[in-house]
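**Q**
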Amino acid sequence: MARGGGGQAVNQLPIVRPGLEDSSSPYYLHNGDHPGLLLFFNPLVGSNYNTWRRAMIVALTAKNKLGFIDHSIDHPRPEDLLYGSWIRCNNMVISWILNSVTRDIADSLMYMQTAEEIWTDLYERFHESNAPRIYQIKKLLSGLQQGSMDVSAYYTRLRTLWDELRDYQPTSACTCGSMREWVNYQNQECIMHFLMGLNESYAQVCAQVLMIEPLPVIAKVFALVIQEERKRSIHYGAPKTGVDHSVILNNVNLSTTTATTLLRTSQGGHCHFRNHTVDKCYKLHGYPPGHPKFKSQVSQESAQVHQASSAIEIHQYTQGDSLTPNQCKQLIEFLSSKLQAVRVDAQLANLWRVGFIDSCTNSLYI
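For the record, in the sequence shown the residue sitting at position 22 is 22 according to the UniProt record's numbering, with numbers rising by one throughout.
#1: Name the two residues that bound the continuous alpha helix (DSSP H) containing P132.
#2: Quick one: what does DSSP say T265 is sitting in, helix, strand or coil?
#3: Does V45 come out as helix, strand or coil in the three-state DSSP assignment?
#4: Thinking C-beta only, is Y27 closer than 7 Å to S72?
#5: I'd like to confirm the pairing. Which residues does DSSP put opposite V101 in its beta bridges?
#6: Please report the distance separating the alpha-carbon of Q113 from that of D167.
#7: Are the beta-carbon atoms belonging to S100 and L39 less than 7 Å from one another?
#8: Per the contact definition of three or more C-beta pairs closer than 8 Å, is the segment 62-82 in contact with the segment 131-144?
#9: Does the beta-carbon distance from F222 to Y154 come in below 7 Å?
#10: For L195, which residues in the same chain have their Cβ closer than 6 Å to its Cβ, ignoring the five residues on either side in sequence?
#11: Which same chain residues end up closer than 7 Å to P43 when comparing Cβ atoms and leaving out the 5 residues on each side of it in sequence?
#12: What separation, rounded to the nearest whole angstrom, lies between the Cα atoms of H235 and M92?
#13: In whole angstroms, what separates the C-alpha of R125 from that of R53?
#14: Should Q146 go down as buried or exposed, given a rule of 16 or more other Cβ atoms within 10 Å for buried?
#15: Spatial neighbours of L198 within its chain, please: C-beta separation below 6 Å, excluding the five flanking residues on both sides.
#16: For my contact list, H193 and L140 are in at a C-beta cut-off of 8 Å; report their separation, rounded to the angstrom.
#17: Could you pull out every residue in the same chain whose Cβ sits closer than 6 Å to the Cβ of E117, ignoring the five residues on either side in sequence?
#18: In whole angstroms, what separates the C-alpha of A62 from that of V225?
#19: Can you list, in chain order, the residues of its chain with a C-beta nearer than 6 Å to that of E229? Leave out the 5 residues immediately preceding and following it.
#20: Cβ of I87 within 7 Å of Cβ of A115?
#21: Which of the three DSSP states, helix, strand or coil, is assigned to R54?
#22: Using three-state DSSP, classify M112 as helix, strand or coil.
#23: Taking 7 Å as the cut-off, decide whether the C-beta atoms of R212 and I191 are in contact.
#24: Can you list, in chain order, the residues of its chain whose CB lies under 6 Å from that of Q186, leaving out five sequence neighbours each side?
#25: Return the chain-ordered list of same chain residues with a C-beta closer than 8 Å to the C-beta of L188, the five sequence neighbours on each side being excluded.
#26: Buried or exposed for M179, going by 16 or more other Cβ atoms inside 10 Å?
#27: Using the Cα positions of V247 and E200, report the straight-line distance between them to the nearest angstrom.
#28: Taking only runs of the alpha helix (DSSP H) that begin and end inside the segment 165-240, which ones reach a length of at least 4 residues, in chain order?
#29: Thinking just about the alpha-carbon of each residue, which of A131, N90, N130, I97 is nearest to the one in L29?
#30: Give the straight-line distance between the Cα atoms of R157 and E164, rounded to the nearest whole angstrom.
#31: Could you check whether the Cβ of M56 sits closer than 6 Å to any heavy atom belonging to the ligand MG?
#32: Quick one: what's got a C-beta closer than 8 Å to residue 399's C-beta in the same chain, skipping five residues either side?
#33: May I have the straight-line CA-CA distance separating S108 from L98, to the nearest angstrom?
#34: What separation, rounded to the nearest whole angstrom, lies between the Cα atoms of Y49 and I57?
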């Protein structure tokens, strides 16, 4: 405490540089703020500038340091009390930016003096013109389909393009009814894009959403579709049969190999030819149509039928049965048809059996 010229005591307060203790000041640095801090996990490579720029603006706003890149905080003079605090915060923001870009880009920014200068240089280097990028985004939106993606991945991809496109569109601070209608129209466009890109299996839920009046927000529509997807995964999931197809295939291959080996080394017991088994012996099972001995076989079978019919007639007239001649004729026709059917079935079965065995043994019939 000091006294003035009139002898009165005058209170002298200690000089404190503003911003060092006030957490709301842009010059305030928290204990966790250090030059090695990484504000965005995905570094700037050039093509992702729009996404990187948006993430850095959000992070610097949370740190209350956005004024050091958008020229809202003036560079103080060296004699100003805030000069030292400004230098500290400016260098801190520069370190954060350098940590969020690739090594090559960081080398080109190393000798710039202010964070605002670095921010402007990156904008001029990597910022794309609005018209080509808007055209590219709208082209991607028009051709985007769910395809093999699940609903969540499809919606995430779609939402990323929407948000980037909205960033290029002019904004308005108007809160009148016209602005509300414009917001509702944008929401309707998002819903239409989302529903049109879904697979055909979601046609029913799309129809249900379109029947809602007024249309819900896009987040609610996404929730309805994702619920439908989860319900299908619970009720219509394909059950596991537990059958090991590899074991079955191995068994089939083993059986085929064993059968082939046996057929190749077998010797028919009737004709005594090699690779000629009883199963495919024409002499035992009959000759197929087209074989030279097929006609003689038919003649023999006809003779057998004739002999059988003659025996029936002899038996009829010698035994004095109660069958009439008409009944005997019907019986002979019935036996002949049955014998013919049995012969044809046997020939077809032999053809199938012989063809199957030939395909396994790759040998010729004798």
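Where a beta carbon is used, it is the ideal one built from N, C-alpha and C, also for glycine. All values reported here derive from a predicted model rather than from experimental measurement.
**A** With the structure as the only source:
#1: Within the sequence shown, numbered from 1, the residue matching residue 132 stands at position 132. Judged by DSSP secondary structure, P132 falls within the alpha helix (DSSP H) whose first and last residues are 130-143.
#2: Counting from 1 along the sequence shown, the entry for residue 265 is found at position 265. No answer about T265 holds up, because its pLDDT of 47 lies below 50 and its placement is not dependable.
#3: Working through the sequence shown from its first residue, we reach residue 45 at position 45. DSSP, reduced to helix, strand and coil, places V45 outside both helices and strands of the structure shown, so it counts as coil.
#4: Working through the sequence shown from its first residue, we reach residue 72 at position 72. Working through the sequence shown from its first residue, we reach residue 27 at position 27. Against a cut-off of 7 Å, the Cβ pair of Y27 and S72 comes out as no contact.
#5: By one-based count along the sequence shown, residue 101 stands at place 101. The partner list for V101 (beta bridge, DSSP) reads L44.
#6: Here residue 113 refers to the residue found at position 113 of the sequence shown. Here residue 167 refers to the residue found at position 167 of the sequence shown. Using only the alpha carbons, I get a separation of about 29 Å.
#7: Taking the first residue of the sequence shown as position 1, residue 100 is located at position 100. Taking the first residue of the sequence shown as position 1, residue 39 is located at position 39. In this structure, L39 lies closer than 7 Å to S100 by Cβ.
#8: no
#9: Taking the sequence shown and counting its residues from 1, the one referred to as residue 222 is at position 222. Taking the sequence shown and counting its residues from 1, the one referred to as residue 154 is at position 154. F222 places its beta carbon 7 Å or farther from that of Y154.
#10: Taking the first residue of the sequence shown as position 1, residue 195 is located at position 195. Cβ within range, chain order: C206.
#11: Reading the sequence shown from its first residue, position 43 is the one you call residue 43. S100, V101, T102.
#12: Within the sequence shown, the letter at position 235 stands for residue 235. Within the sequence shown, the letter at position 92 stands for residue 92. So the two alpha carbons sit approximately 56 Å from each other.
#13: Within the sequence shown, numbered from 1, the residue matching residue 125 stands at position 125. Within the sequence shown, numbered from 1, the residue matching residue 53 stands at position 53. So the two alpha carbons sit approximately 13 Å from each other.
#14: Stepping through the sequence shown from its first residue, residue 146 is reached at position 146. Flag for Q146 reads buried.
#15: If you number the sequence shown from 1, residue 198 lands on position 198. Annotation for L198: Q146 place their beta carbon closer than 6 Å to its own, counting only its chain and skipping 5 residues before and after.
#16: If you number the sequence shown from 1, residue 193 lands on position 193. If you number the sequence shown from 1, residue 140 lands on position 140. The beta-carbon separation of H193 and L140, rounded to 11 Å, does not stay under the 8 Å limit for a contact.
#17: Mapped onto the sequence shown, residue 117 falls at position 117. The answer is none, since no qualifying residue turns up.
#18: Residue 62 sits at position 62 when you count from the first residue of the sequence shown. Residue 225 sits at position 225 when you count from the first residue of the sequence shown. Roughly 34 Å between the two C-alpha positions.
#19: The count along the sequence shown starts at 1 and reaches residue 229 at position 229. Excluding residues within five positions, the ones whose Cβ falls inside 6 Å are V151.
#20: By one-based count along the sequence shown, residue 87 stands at place 87. By one-based count along the sequence shown, residue 115 stands at place 115. Contact flag unset, no.
#21: Counted from its first residue, the sequence shown places residue 54 at position 54. Helix at R54.
#22: Taking the sequence shown and counting its residues from 1, the one referred to as residue 112 is at position 112. In this structure, M112 counts as coil in the three-state DSSP scheme.
#23: Within the sequence shown, numbered from 1, the residue matching residue 212 stands at position 212. Within the sequence shown, numbered from 1, the residue matching residue 191 stands at position 191. What sits at residue 212 in the sequence shown is Ile, not Arg. No, the pair does not count as a contact, with Cβ atoms beyond the cut-off.
#24: Along the sequence shown, one-based indexing puts residue 186 at 186. None.
#25: Numbered from 1 along the sequence shown, position 188 holds the residue referred to as residue 188. For the record, residue 188 in the displayed sequence is Gln; it is not Leu. Only L215 meet the Cβ criterion.
#26: Within the sequence shown, the letter at position 179 stands for residue 179. Counting Cβ neighbours within 10 Å, M179 comes out exposed, since fewer than 16 surround it.
#27: Taking the first residue of the sequence shown as position 1, residue 247 is located at position 247. Taking the first residue of the sequence shown as position 1, residue 200 is located at position 200. Residue confidence is low: V247 scores 47 on pLDDT, short of 50, so the model does not pin down where it sits. No coordinate-derived value is stated.
#28: 177-196, 203-210, 218-235
#29: Translated into positions along the sequence shown, residue 29 becomes position 29. Comparing Cα-Cα distances from L29 to each of A131, N90, N130, I97, the minimum goes to N90.
#30: Residue 157 sits at position 157 when you count from the first residue of the sequence shown. Residue 164 sits at position 164 when you count from the first residue of the sequence shown. Rounded to the nearest angstrom, the two C-alpha atoms are 11 Å apart.
#31: No copy of the ligand MG appears in this structure; indeed no ligand is present at all.
#32: With the chain covering 1 to 366 only, the question about residue 399 has no answer from this structure.
#33: Stepping through the sequence shown from its first residue, residue 108 is reached at position 108. Stepping through the sequence shown from its first residue, residue 98 is reached at position 98. Near 10 Å, if we compare the C-alpha coordinates of L98 and S108.
#34: Working through the sequence shown from its first residue, we reach residue 49 at position 49. Working through the sequence shown from its first residue, we reach residue 57 at position 57. Answer to the nearest angstrom: the Cα atoms are 12 Å apart.
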